[in-house]
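A quick write-up on the structure given underneath.
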Amino acid sequence: MPCADIETGGEKMNPQAPAAVKQYVCSICGEASEYICIWCTKDACENHLCDKCKRCSDCCECDQQRGGTERQ
Ligand SMILES: [Zn+2]
Ligand SMILES: [Zn+2]
Ligand SMILES: [Zn+2]
């Protein structure tokens with residue numbers, strides 16, 4: 002009878018990362034940030050990351066859509 006013995010009590014190489022907070026640097030202003038633009042995947046701080054579209058200021062198009070602009 003095959004005994005499924007899973008070896009889990011081996012050597013844990015990575016116990017738990019200390020206080021490894023993902024720290025990025027805003028590509029626009031150079032400040033520390035924890036976010037990245039989902040569009041260009043560049044680092045963007047809170048000030049330069051749109052909360053609506055999660056894009057950086059370079060990619061965000063929310064400002065351009067003020068109210069209703071006529072588009073043909
Ligand atoms: Zn910034
Ligand atoms: Zn971007
Ligand atoms: Zn936006």
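FYI, the numbering for the sequence shown is 2 to 73, going by the working numbering.
Glycine is no exception: its CB is placed at the ideal position from the N, C-alpha and C atoms.
Residue i versus the options, residue with shortest Cα-Cα distance
i	options	result
Lys43	Lys53, Asp64, Cys57, Cys51	Cys57
Gly31	Leu50, Cys60, Cys61	Leu50
Counted within 10 angstroms of its Cβ, other Cβ atoms place residue i as buried (16 or more) or exposed
i	result
Ala33	exposed
Cys46	buried
(request) Could you name the residues whose beta carbon sits closer than 7 Å to any heavy atom belonging to ligand 2, keeping them in chain order? (result) Cys38, Trp40, Cys41, Lys43, Ala45, Arg56, Cys57, Asp59, Cys60
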